[in-house]
Every structure is written in C-alpha cells, then in structure tokens.
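Colleague: Going by UniProt numbering, the first residue of the sequence shown is number 1, and it counts up by one from there.
Beta carbons: idealized from backbone N, C-alpha and C, even for Gly.
This one's a predicted model, so the numbers in the text were calculated from it and none came from an experiment.
Structure in structure tokens, see below.
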Amino acid sequence: MSLVDDARAVRENAYAPYSNFKVGAAIRATSGTVHLGVNVENVAYPEGTCAEAGAIAAMIAAGDAEIAEVAVIADSPVPVSPCGGCRQKLAEFGKGDVRVTLATTDGKTRQTTLAELLPGAFDRHQMDRA
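Structure representation (structure tokens):
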C-alpha cells in the first residue's frame, strides 16, 4: 500500500461533524514506520486538530522523530496543502527535501517538498547565538 493509500484509509476515521471536511495524513518516518493522523474537530471550532499534527503526534509517541515522506488527502477539487501551522510542524521534524504528496479522493495528486511548502522556514539554527 502507498502512503497516499494509508492516508486515504485513515481519512475515514476523521471526526469532522461541523465542516464534513475529512482529512487524512500519513507520515513515513526515517525508521520506515508509517504514522497516521486525521483531523479532529471540536464544537469550540478553533480547538480542533489537523491531520498532519495528529500524525506527527503519533510519530513522536511511537519513538520516531524524523520524517522521510508525507501524504495528505482530502475530498477537494484540488489537492489540499497543509495549513501554515502544520507546515511549520512538519518542518520541525523533516528536512527541506522531504517529499510531500498532496492528494484528492478522486485521484488528483501534487508532488512538492517541505521546502517548497514553507520557504524560509524558521528553524532551531536561527536561535543559535555566536
């Protein structure tokens, strides 16, 4: 099964009773293990969790800490990009050349990288003091 297939399968478990916009994410860690996440909405709308953040949390909880590849899927007319916050979260655990596949449920895909999604990403090296 491909990473997009993993994201497609887990997407069905999303909790999206308010928007009905289910998103699934799959992250392959550098260990080879795949970690999954879905969006989880809340009646206090801004308190929800994005699928990418859920997959990152699952990765960290499992003891992995570096992203090798990402796939995100939603039922949208065009492939959906991660929100700004999730782009920064993905950049925390993956290098700029990490491949990201954005997909729709009807089979459209867009290939990109973390660096293309978040050019000029803020990282820990910018906090180094000489």
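#1: Would Ile-56 be called buried (16 or more neighbouring beta carbons within 10 Å of its own) or exposed?
#2: To the nearest whole angstrom, what separates the beta carbons of Thr-109 and Val-78, a pair I think is in contact under 8 Å?
#3: What would DSSP say about Asp-128, mapped onto helix, strand or coil?
#4: The alpha helix (DSSP H) that contains Gly-54, what's its start and end?
#5: What residues in its chain sit with their C-beta under 7 Å from that of Arg-28, if we drop five residues either side in the sequence?
#6: Give the range of the alpha helix (DSSP H) segment to which Leu-90 is assigned.
#7: Cα separation between Glu-41 and Arg-124?
#8: Look up Asp-97 in the DSSP assignment and say whether it is helix, strand or coil.
#9: Does the Cβ of Lys-95 have 16 or more other Cβ atoms within 10 Å, making it buried, or fewer, making it exposed?
#10: Quick one, which of Ala-61, Cys-86, Val-72 has its alpha-carbon nearest Pro-80's?
#11: For the candidate residues Ala-121, Arg-87, Gln-111, whose alpha-carbon lies nearest to that of Ala-53?
#12: Any idea if Val-43 is buried or exposed, counting beta-carbon neighbours within 10 angstroms, 16 or more meaning buried?
Modeller: Quick look at the numbers:
#1: Indexing the sequence shown from 1 puts residue 56 at position 56. The residue is buried, with at least 16 neighbouring Cβ atoms inside 10 Å.
#2: One-based indexing of the sequence shown puts residue 109 at position 109. One-based indexing of the sequence shown puts residue 78 at position 78. Not quite, the Cβ-Cβ distance comes to about 10 Å (not below 8 Å), so this is no contact.
#3: The count along the sequence shown starts at 1 and reaches residue 128 at position 128. Here Asp-128 sits in coil by DSSP.
#4: Here residue 54 refers to the residue found at position 54 of the sequence shown. Per DSSP, Gly-54 belongs to the alpha helix (DSSP H) from 51–61.
#5: By one-based count along the sequence shown, residue 28 stands at place 28. Here the set comprises Leu-3, Val-34, Ala-68, Glu-69.
#6: For the purposes of this step, residue 90 is taken as the residue at position 90 of the sequence shown. Note, Leu-90: alpha helix (DSSP H), 84–93.
#7: The residue labelled residue 41 in the question sits at position 41 within the sequence shown. The residue labelled residue 124 in the question sits at position 124 within the sequence shown. Cα to Cα, Glu-41 sits roughly 30 Å from Arg-124.
#8: Taking the first residue of the sequence shown as 1, we reach residue 97 at position 97. Strand.
#9: Reading the sequence shown from its first residue, position 95 is the one you call residue 95. Exposed: under 16 other Cβ atoms inside 10 Å.
#10: Position 80 of the sequence shown, counted from the first residue, corresponds to residue 80. According to the sequence provided, residue 80 is Val. The question's Pro does not apply to it. It is Val-72.
#11: For the purposes of this step, residue 53 is taken as residue 53 along the sequence shown, with counting starting at 1. Selected option, being the one with the closest Cα: Arg-87.
#12: For the purposes of this step, residue 43 is identified with residue 43 of the sequence shown, where counting begins at 1. Result: exposed.
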